[in-house]
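Visitor: Supplied in structure tokens, the structure appears directly below.
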Amino acid sequence: MSKLKNKVTVITGGNSGIGFGIAEAFKNEGAVGAIAGRNETTLNSAVETLGGNFIGVKGDVTNLDDLENLYRTTADKFGKIDALVVNAGGVVDGIPLMTITDVTEEGYDRYMDLNLKSAYFTVKKSLPYLNDGASIILIASNAAHRAAPGATIYAAAKAAVISLGRGLSLDLLSRRIRVNTISPGSIDTPVFGKMVPQDLVDQVKQIWIDLTPLGRQGTPAEIGKTAVFLASDDSTFIVGADILADGGMANAFLVK
Ligand SMILES: NC(=O)c1ccc[n+]([C@@H]2O[C@H](COP(=O)([O-])OP(=O)(O)OC[C@H]3O[C@@H](n4cnc5c(N)ncnc54)[C@H](OP(=O)(O)O)[C@@H]3O)[C@@H](O)[C@H]2O)c1
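Letter 198 of the sequence shown, counting from 1, is numbered 370 in the working numbering, and no numbers are missing.
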């Protein structure tokens, strides 16, 4: 298995959930590179599991200096980058998803900063460090393809991320850099423990399982395989696309 042999990769949020699943899938295909996150403990344990070909770079993706440090550190160690996964995002610390009556201006800004602005600048700051012909993969969400109570701002940010995928592809055409998005459905990651108290996690997961035609959550490893496809030469004619990896949820009308 060497679809990404010696390819230099960067995965933001590679210390948890989907990002870690992508990092493992990349490693299994021969890639090297960096994972980034804020939590030093999970960063260290993820790097230990991935082995010697990956480094962890601590930083906040909403901070442009941290992004610069991520790319400089990666390029110093491995050279220019072949595949970038813009994955960090999701629930903002201390601010749960809520409906418009409860959303504050600060809550709105923090969700947009984490899920949209950081995605844009994670790409922009990477440009001097990317090889021509590189692949950029943005992690959106199937929330962008449907409505869910309380998820309006998150969904709008992720819909905009899909739009970035289309537009940035054209911006970067002259360098043959392909930009695509993946829209995962409900994937079994630690994010659920960040959304609701621990004793409600199984109940919330079950709600999403019931909404998914395949009758289960997806795994980070499944999103990892989709990311390998987009990062590799198997997808050289795919530009500005969005791949729904959601067990059929967004396109289904389930009658139980
Ligand atoms: N799980 C799902 O069902 C699902 C579905 C659709 C889309 N997604 C998307 O998939 C991505 C990963 O989510 P997940 O489910 O794997 O969640 P997760 O396990 O909570 O992981 C989130 C990752 O993002 C990093 N992160 C968050 N804020 C950050 C910041 N300001 N700076 C740097 N890193 C930051 C976290 O690192 P630290 O802990 O170090 O901050 C962590 O590694 C997100 O973009 C999410 O919106 C998830």
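Where is the CB? At the ideal position from N, CA and C, for every residue including glycine.
Can you give me the C-alpha to C-alpha distance between G228 and S188, rounded to a whole angstrom?
Guide: Approximately 12 Å, taken between the alpha carbons.
Visitor: Sorted by chain position, which residues of the same chain lie with C-beta nearer than 6 Å to D414's C-beta, five sequence neighbours on each side aside?
Guide: The answer, listed in chain order, is I334, T353 and S355.
Visitor: Counting along the chain, where does the alpha helix (DSSP H) carrying G387 start and finish?
Guide: That residue, G387, is in no alpha helix (DSSP H); it is neither H nor E in DSSP.
Visitor: Is the stretch 329 to 346 close to the stretch 373 to 391, with three or more CB pairs under 8 Å?
Guide: The stretch 329 to 346 is not in contact with the stretch 373 to 391.
Visitor: Just curious, the beta strand (DSSP E) that P321 is in, first and last residue?
Guide: First-last for P321: undefined, no H or E at that position.
Visitor: How many whole angstroms separate the CB atoms of V258 and I309, which I take to be in contact at a CB cut-off of 8 Å?
Guide: About 7 Å separates the two Cβ atoms, so the contact holds.
Visitor: For the alpha helix (DSSP H) containing V204, name the first residue and the last one.
Guide: First-last for V204: V204 to G209, but that is the beta strand (DSSP E), not the alpha helix (DSSP H).
Visitor: D232: beta carbon under 7 Å from a heavy atom of ligand 1?
Guide: D232 Cβ: within cutoff of ligand 1.
Visitor: Note down the Cα distance separating V233 from G420, rounded to an integer number of angstroms.
Guide: Distance between the alpha carbons of V233 and G420: 30 Å.
Visitor: Could you tell me whether any non-hydrogen atom of ligand 1 is closer than 7 Å to the CB of P385?
Guide: Not under cutoff, so the answer is no.
Visitor: What are the partner residues of K230, as DSSP defines its beta bridges?
Guide: K230 pairs with G209.
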